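Notes to accompany the following structure.
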Amino acid sequence: MKDRFEREIDYLRISVTDRCNLRCFYCMPEEGIDKKKHEDILRDEEILAAVQAATKLGLKKIRITGGEPLVRKGIFDLVRAIADTEGVEEVVMTTNGILLQGNVNRLKEAGIERVNLSMDTLNPETYQRITKTGSFPNYHAILQELIEHDLLPVKINCVLLKGINDREISDFLDLADRYDLHVRFIELMPIGHLPYDYKKHFISKQDVLKRHPELEFDKKYRVAEYYTVKNQRGNIGFINAMSHHFCNQCNRLRLTADGKLKPCLHTNEEIDIRHQTADELYRTFQKAIRHKPQNHKLHKEENAILRSMNKIGG
Ligand code: SAM
Ligand code: SF4
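For the sequence shown, numbering that gives the first Met the number 0 assigns the number 0 to the initial residue and increments by one for each residue that follows.
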């Protein structure tokens with residue numbers, strides 16, 4: 000279905016949990032979140048009913064996210080049921096990878112076609128600094144497992160943080176070459192009123208390009224701009240919600256783990272989808288598509304987003 004601005008909305012991101020096994024300082028408070036009660040989180044049947052309503056309106060690509068999606072009990076069965084829903088053409092997942100090692104075959108069998116692996120650093124100490132918890136994953140083993148199981152192209156999401164991981168940009172360019180993969184550098188977004196100095200750590204694409212003139216522009220595709228490095232494999236994307244609006248290309252809705260449909264990541268509008276019949280759910284999705292704003296106003300400080308990213312689903 001098209002929205003009021005002629006954008007074809009065909010992509011639904013579903014947060015299947017707001018819990019996580021990490022505490023990335025830009026995403027989640029270190030003491031964790033006020034744990035939602037089990038009954039506040041959408042059950043498998045509710046998620047499936049939402050997917051059915053969404054597919055009737057032409058949403059056909061589903062991304063499973065969180066929190067950390069792999070911590071949800073029964074996640075493989077849920078993924079399989081989503082992938083088997085009529086009208087679903089593609090199911091992909093965003094994960095921090097901690098529970099991926101040794102499980103890629105199960106994920107593939109369940110119907111996941113590609114994985115975005117969040118990886119902000121290749122350095123164990125910096126990993127501690129960013130995630131506050133957890134031991135450094137064996138990223139090389141995880142990447143090899145993804146490649147062996149043909150979950151391609153592998154995309155790495157790396158949130159750039161000035162003074163923390165921006166020294167590693169060249170290492171990520173080498174990683175893209177070594178495994179022939181996509182690295183997507185994501186601009187830090189001021190989401191969730193977290194106690195860190197956003198301005199101190201924000202670094203823009205322009206700054207990165209000045210420091211890495213080897214990056215050559217290749218193309219723009221939806222929310223990312225892609226670059227390559229001469230004689231190197233892989234490609235490098237930039238996702239710049241802050242310094243560039245890509246709203247005119249936005250084709251997605253988001254469903255939070257507690258059952259709120261969000262027409263836009265960057266506005267606080269949410270529509271409750273719980274306790275609805277199939278017809279009501281259909282109309283709720285229709286309403287969310289109609290309410291999709293033309294663009295976000297995140298650059299104005301008073302418009303900071305109240306929910307943190309783990310609660311929205313990145
Ligand atoms: N836990 C999973 C993971 O980390 O891949 C999935 C959920 S996480 C919220 C999804 C993505 O959002 C991650 O790549 C994360 O780095 C990104 N993210 C979280 N908070 C962000 C922020 N304030 N600005 C930019 N990206 C953010
Ligand atoms: Fe967890 Fe992902 Fe947020 Fe990090 S970015 S705290 S891994 S949800």
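C-beta atoms are modelled at their ideal positions from N, C-alpha and C, and glycine is treated no differently. Owing to the predicted nature of the structure, the values given are computational and were not obtained by experimental measurement.
Count the other CB atoms within 10 Å of the CB of residue i; is the residue buried (16 or more) or exposed (fewer)?
| i | result |
| --- | --- |
| Ser-134 | exposed |
| Lys-154 | buried |
| Phe-171 | buried |
| Ala-140 | exposed |
| Asn-156 | buried |
| Glu-67 | buried |
| Asp-119 | buried |
Can you give me the start and stop residues for the beta strand (DSSP E) that residue i sits inside?
| i | result |
| --- | --- |
| Val-228 | 223-228 |
| Tyr-220 | 214-220 |
| Val-78 | Val-78 -> not in any beta strand (DSSP E); alpha helix (DSSP H) instead, spanning 74-82. |
| Tyr-25 | Run containing Tyr-25: none; DSSP gives neither H nor E here. |
| Ser-14 | 10-14 |
| Val-70 | Looking at the DSSP string, Val-70 is not in any beta strand (DSSP E), and its letter there is neither H nor E. |
Tell me whether the beta-carbon of residue i lies closer than 8 Å to the beta-carbon of residue j.
| i | j | result |
| --- | --- | --- |
| Ala-53 | Leu-11 | yes |
| Ser-203 | Glu-186 | yes |
| Ile-163 | His-211 | no |
| Val-87 | Lys-59 | yes |
| Val-15 | Gly-65 | yes |
| Arg-232 | Asp-176 | yes |
I want to check one thing, is the minimum distance from the CB of residue i to the heavy atoms of the ligand SF4 below 7 Å?
| i | result |
| --- | --- |
| Cys-26 | yes |
| Leu-21 | yes |
| Ser-117 | yes |
| Gly-191 | no |
Under DSSP, the alpha helix (DSSP H) around residue i begins and ends at which residues?
| i | result |
| --- | --- |
| Lys-209 | 204-210 |
| Thr-130 | 123-130 |
| Asn-104 | 103-109 |
| His-139 | 138-147 |
Taking 7 Å as the cut-off, is the beta-carbon of residue i closer than that to any non-hydrogen atom of the ligand FAD?
| i | result |
| --- | --- |
| Leu-187 | Of the ligands this structure carries, namely the ligand SAM and the ligand SF4, none is the ligand FAD. |
Cβ-heavy atom distance between residue i and the ligand SAM below 7 Å?
| i | result |
| --- | --- |
| Gly-133 | no |
| Ile-63 | no |
| Val-91 | no |
| Thr-94 | yes |
Q) Okay, do the region 278-292 and the region 45-64 touch, 3+ Cβ pairs below 8 Å being the bar? A) Counting C-beta pairs with one atom in each stretch, the region 278-292 and the region 45-64 have three or more that are closer than 8 Å, which means they touch.
Q: Tell me, please, whether the region 78-91 touches the region 108-120 by the rule of three or more beta-carbon pairs shorter than 8 Å.
A: In short, these stretches touch, since the Cβ pair count reaches three.
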